[in-house]
Amino acid sequence: MANVHQFDVVVVGAGGAGLMAGLYASRNAKTAVISKLYPTRSHTGAAQGGISAALGNYEEDKPEWHMYDTVKGSDYLGDQDAIEFMTNEAINAVLELEHMGLPFDRTPDGRISQRPFGGHTNNETGKPVRRAAHAADRTGHMILQTLYQQCLKNKVNFFDEYQVLDFIMINGKAAGVVAVELSTGELHTIHAKSVIFATGGHGRIFEVTSNAYAYTGDGAAILLRHGIPLEDMEFFQFHPTGIYKLGILITEGVRGEGGILINGKGERFMPKYAPSVKDLASRDVVSRAIYTEIKEGRGVDGKNYVYLDVRPESVNRFAAMDGRTNPDGSPYNITGEQVLAKLPDIIDFCRVYLGVDPITQMMPIQPTAHYTMGGIPTNKYGEVVVDDKGTVVPGLYAAGECACVSVHGANRLGTNSLLDIVVFGKYAGLRAAEYAKQADFEKLPADAEAVARSAFEALRNGSGKENVFDISNELKKAMFEDVGIYRNEKDMAAALEKVRELQKRFKNVGVKDTGKIFNTELLNAWELGNLLEIAEVIAMSALNRKESRGGHSREDYPERDDKNWLKHTLIAKKNGKLEINYKSVSITKHQPKARVY
Amino acid sequence: MEITVKIFRYNPEKDQRGNYVTYKVEADENDRVLDVLEYIKGKVDGALAFRRSCAHGVCGSDAVRINGRNMLACKTLVRDVGSSITVEPILGLPIKKDLIVDMEPFFDNYKKMLPYFINESPLPENGRERLQSPEERARFDETTKCILCACCTTSCPSYWASGEYYGPAAIVSAHRFIFDSRDEAADQRLQILAETDGIARCHTAYNCTVACPREIKVTKAIGEVKMAMMTGKLD
Amino acid sequence: MTKKSRTLSLKQRGLMNFEAIMWLFTRLSALGMYALILFALTGALVMGARNNMNFADVMRWAFMPNVSHVQSTDLASTDTWATPLWKLTASALLLLATAHGVHGLVVVADDYITGERGRRYVRLLSILLMTAMSLIGLWLIWTS
Amino acid sequence: MGLKRDVSLSTGLRYRGPAGYLTFILHRIGGVGMGIFIAMHILASFVGGRFGGAINGIYENWAFQIFIFFCVLFHAINGLRITILDLFPKLLDYLPEAIWIEWAVFIPLFGLSVFVILKTALGG
Ligand SMILES: Cc1cc2nc3c(=O)[nH]c(=O)nc-3n(C[C@H](O)[C@H](O)[C@H](O)COP(=O)(O)OP(=O)(O)OC[C@H]3O[C@@H](n4cnc5c(N)ncnc54)[C@H](O)[C@@H]3O)c2cc1C
Ligand code: HEM
Ligand code: SF4
Ligand code: F3S
Ligand code: FES
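Residue numbers (my numbering), protein chains in the order written: chain A, -14 to 582; chain R, 18 to 252; chain L, 41 to 184; chain G, 254 to 377.
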């Protein structure tokens, strides 16, 4: 083994969660951050709308309200101890980002500006509250840049364009990872005391998605193969407003600024589904509403899309009808320029990809696969927990979208994910460094790279009849149609069948590129393997949960069933077979009740 | 419709030099050039190598030269470039394979700019945010948009002439901090930019501004930094 | 919110660096040369060049108002063309042009010579070249 | 392994930029051309005699005159544009327009001068 590196802490992934972990771990321990993309290209950079914290910069707001909204948003499946921890940390987390130089938009008196977002309310009046701190509509971009910059300042060690293929676990403890250097094709072993996974989500399982090509669930799949369970994988968020067909996200901030949804008949339909907050209801609610409109024939031109309208005339008209006011009490009124100033990127997307100018035209939108609520189970310190008893794997941590703390439960509120990555990224980093201080390096096995190498060999030597592109397209289609917004037994069973068939076909996949340098064909094939594995997990978990809750809506079980299903799913692979277990939900302050917006 | 795509191919393990290969494929006029590349990779030649991630112009992975001009493949639609498309790697960086170039020199230049917030003064006593007026914030908004895609630097004739030039992207990053009213290290960055391979190597060729997929007025940003150097005014 | 103005001192803003000074000098000398050329041109017209000189001669004079440049024309007398005023103008133009031009050559050379030592030699050479050209040029102006 | 960084002049000229590259190259040619010309001229006048006369003979040639006039005129006009835009960065938004104006000034002036030079040279 020529390429062995030794670090106290190794972080896999350089998105918001990975960088935050890296930053904090590196203050106390020798740390490396490994990423298959250059850090600034991580998908955190795509996040638009904002990061939530009860700063109260415009109007009264409290962490307790934030907590309640999150619990309610999660359809009571979120762990309330973790949620309370996160919403209490939120204010300091956002202020810390500001202290690191993040260029938030400002209020007239120079403080961090905030905007309303779906599901965030003033608990006393039930009205939307301005809680999302934002930097125009590129908040995630600014978080990613700022954290990367701070890592450079603090001289964190980066392994850019190294893709992690395997996790090394010895005596039940974390011992490092194996990665391939993309530019040479060489395998490297990174020997470490603590390993933090922060590899992001797996939205590329679905046909229409806002997620990056890199979102292939590598971290979750790698750990699954090592017997670590995954939690609540049936819960996947469909964002209501993706650009028709392409799935590119139109931030909820558009509705925060007053945008409304209009069906094919030209009617505003959200008041039917969420009489009090209307277009700013939580995402699962809005996605289902759009889907219902389309199913009942009120899509535009009979097609499967509706309009999002942010033209100033419409915004002002509906704002007057809703009685919406500015912080100073005057009626809410915006101009085309203000829309442009607050949502420049969105306007740009529409112009480039649709040839539509949102200031004078309505945007065609459809729900798009967006966010992975489930993932690697952890506690609020980022430690990976494998069962209901809270047993942790020594030295193994996870944070960010690949982890399931679970603060998002069955449905994530907008802006809570950016909060999640900075808060739990930080604690995972701190804990990992702390653990590394007192732990010893496990001795590496003779051939730590064996698993990774044989996975590559198998792909290279496949019989070559099957094609990666085709399998992946068939997978995406099946998952989007049958394990999408609305689900039922029959469709999901068919999808599961299909996934298993594709897994078999995948064994015969052909990789023609035999080179080592930037063999992206081989890497894409390996990633498809992960997607197939995760898809099976999702379909199984979803089939198993016989109720509707948050992002998981079953036509055959339309009601939430707290008696039988107020529990987390834990699904693990034992001897090549998936096995389902459960974990209880932490309920501290808020007893489950019906969820109406 | 059927389109013709001519792509620069180079396999470091086989070829001495690059060559062009032409593909004829079906595409919709609303497809992204990235979709076309994905299709060719998926169905015609899996070995075709290029970078990509977000697929909607926010990560900066897929800067390439399309019909002779730097663009992001994911932000360029077939209808914008016509049915005969030439795709080549960006200029001025070593080519690793096909459309993939070595980004290290680019990021090295970026890192020279102290591209991080520097303010060693004590935080506000109440522990809250440092104040900044909306106007002060607006002063550097433009350059916060940069996604480090390298479209600008690799379109710059001055950078083609000398790879030692820090390049427009690095200066854009410096601009973002120099004009941030909260930052305290504008002087250090200006000193660095005053070096031989610094800002004086910009001859206002303007290619950078045209190439920037984030529509940052790069030349203007550079001009503002030059004037800051001359007058010392940072507002 | 009140806005505080931020201004950096000469040294802080990097203006004391060779490159920054020369950047500014290049622009200022460009403007200076323009002024001098226009001055020489108007002078030539005032002194009656319209009747006695062709276009090329006027141009030659404008870009370097030295009397040797008009000796081959149909002028009756070149006395007014050889006053100290013109010699001074010519000298100023010469000094600006050589400094501007030689530094321009340095800029071009820096694109291709990027080593620390190579660049030092180029600068040394350019200073020698500049002084030599300036001295010879001055000698020519004041002796013609 | 890999291909070295290499941007030839022709590759650069094939880049579809907004003419900034062309003006950059021409400005350079103009500046260097003038520099060499002035150096030659000063040297020739200094040495004088047959050798000096021979050098001065080169630029009596009409082709050389056209070339050197091109250098002077282009460098001067483009240089003025650069100076103005550099000193007022706000104007940089209009750089492509400035280049158009520049050509609009340069082409007639240069055309006229070439005509005059040729007329004189061909003994007209
Ligand atoms: C379009 C869009 C808009 C959004 N808007 C918002 C919003 O407004 N507010 C909000 O709160 N949330 C938003 N989200 C969600 C939020 O942005 C993400 O959940 C969050 O950024 C995830 O961060 P992360 O650090 O977990 O992952 P990422 O930022 O995606 O980072 C993953 C990292 O892992 C690396 N990696 C992956 N696999 C490997 C491997 N095998 N080897 C090595 N490295 C690997 C990648 O290179 C990358 O660096 C949005 C999401 C999307 C897609
Ligand atoms: C009216 C007269 C002139 C004007 C307005 C002018 C203007 C300029 C300007 C503005 C530059 C800087 C270009 C940049 O950095 O992008 C420049 C560069 C240069 N100038 Fe001049 N100049 C003039 C005369 C001269 C003369 C007489 C010479 C020769 C002796 C000369 C030689 C050069 C050279 C070699 C460069 C460097 C070119 C490069 O960097 O590519 N210039 N000029
Ligand atoms: S300035 Fe524009 S072109 Fe240059 S790196 Fe940044 S985003 Fe890309
Ligand atoms: S292209 Fe280059 S020369 Fe300056 S204006 Fe842009 S950096
Ligand atoms: S793929 Fe992200 S910018 Fe094109």
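Don't be surprised by glycine CBs; every beta carbon is placed ideally from N, CA and C.
- At a cut-off of 4 residues, the continuous stretches assigned as alpha helix (DSSP H) that sit fully inside the stretch 168 to 247 of chain A are 203 to 210, 238 to 241.
- Below the 8 Å Cβ cutoff, chain L contributes no neighbours of residue 263 of chain G, its closest Cβ being approximately 17 Å away.
- Close to residue 29 of chain R, with beta-carbon spacing below 9 Å, are these residues of chain G in chain order: 254, 255, 256.
- At a cut-off of 8 Å between beta carbons, residue 100 of chain R makes no contact with chain G.
- 8 Å or more divides the Cβ of residue 339 of chain A from the Cβ of residue 33 of chain A.
- With a 10 Å radius around the Cβ and a threshold of 16 neighbouring Cβ atoms, residue 526 of chain A comes out buried.
- CA-to-CA, the gap between residue 52 of chain A and residue 171 of chain A works out to about 47 Å.
- For residue 104 of chain A, the uninterrupted beta strand (DSSP E) segment begins and ends at 99 to 106.
- Here the C-alpha atom of residue -9 of chain A lies approximately 34 Å from the C-alpha atom of residue 31 of chain R.
- Inter-segment contact for the stretch 198 to 208 of chain R and the stretch 50 to 61 of chain L is present: three or more beta-carbon pairs are separated by less than 8 Å.
- Residue 132 of chain R and residue 134 of chain A do touch by the CB rule: their CB atoms are close to 6 Å apart, below 8 Å.
- By the CB criterion at 8 Å, residue 213 of chain R and residue 159 of chain L fall inside the cutoff.
- Secondary-structure assignment with DSSP links residue 471 of chain A through a beta bridge to A:538.
- Within the stretch 272 to 291 of chain G, the residues whose Cβ lies closer than 7 Å to any Cβ of chain L are, in chain order, 281, 284, 285, 287, 288, 291.
- With respect to chain L, the C-beta atom of residue 125 of chain R has no partner C-beta closer than 8 Å.
- In this structure residue 180 of chain A touches residue 159 of chain A by the C-beta definition: roughly 4 Å separates them, less than 8 Å.
- Nearest in C-alpha terms to residue 273 of chain G, of all of R:251, R:181, R:219, is R:219.
- Within the stretch 135 to 154 of chain L, 147, 150, 151, 152, 154 place their CB atoms closer than 8 Å to a CB of chain R, listed in sequence order.
- Remark: C-beta atoms of residue 269 of chain A and residue 246 of chain A do not approach each other more closely than 8 Å.
- Within chain G, no residue has its beta carbon less than 8 Å from that of residue 61 of chain L; the closest one is some 15 Å off.
- Checking the DSSP bridge columns, you'll see residue 351 of chain A partnered with A:227.
- Taking a C-beta cut-off of 8 Å against chain R, the contacting residues of the stretch 130 to 144 of chain A are 130, 131, 134, 135, 137, 138, listed in chain order.
- Residue-level contact check: residue 197 of chain R touches chain A, since one or more beta carbons of chain A fall below 8 Å from its beta carbon.
- Judged by DSSP secondary structure, residue 280 of chain G falls within the alpha helix (DSSP H) whose first and last residues are 273 to 300.
- The Cβ atoms of residue 113 of chain R and residue 502 of chain A lie closer than 8 Å to each other.
- Excluding the 5 residues flanking it on each side, residue 153 of chain L has same chain C-beta neighbours closer than 7 Å at 159, 162, in chain order.
- Secondary structure at residue 133 of chain R: coil, using DSSP grouped into helix, strand and coil.
- Judged by beta-carbon spacing, residue 165 of chain A lies beyond the 8 Å limit of residue 63 of chain R, meaning their Cβ atoms are not closer than that value.
- Taking a C-beta distance under 8 Å as the contact criterion, residue 40 of chain A and residue 79 of chain A qualify as a contact pair.
- For residue 20 of chain A, the enclosing beta strand (DSSP E) stretches over residues 16 to 20.
- Think of a sphere of 7 Å around the beta carbon of residue 95 of chain A: the chain R residues whose beta carbon falls inside it are 148, 149, 150, in chain order.
- Around ligand 5, the residues selected by a Cβ distance under 7 Å to any of its heavy atoms are A:26, R:51, R:69, R:70, R:71, R:72, R:73, R:74, R:75, R:76, R:77, R:78, R:79, R:89, R:90, R:91, R:92, R:164, R:166, following chain order.
- At least 8 Å separates the CB of residue 244 of chain R from every CB of chain A.
- Listed by position along chain R, the residues whose Cβ is nearer than 7 Å to that of residue 54 of chain L are 207, 208, 210, 211, 246.
- Neighbours of residue 49 of chain L in chain R, taken as residues at a C-beta separation under 9 Å, are given in chain order as 204, 249.
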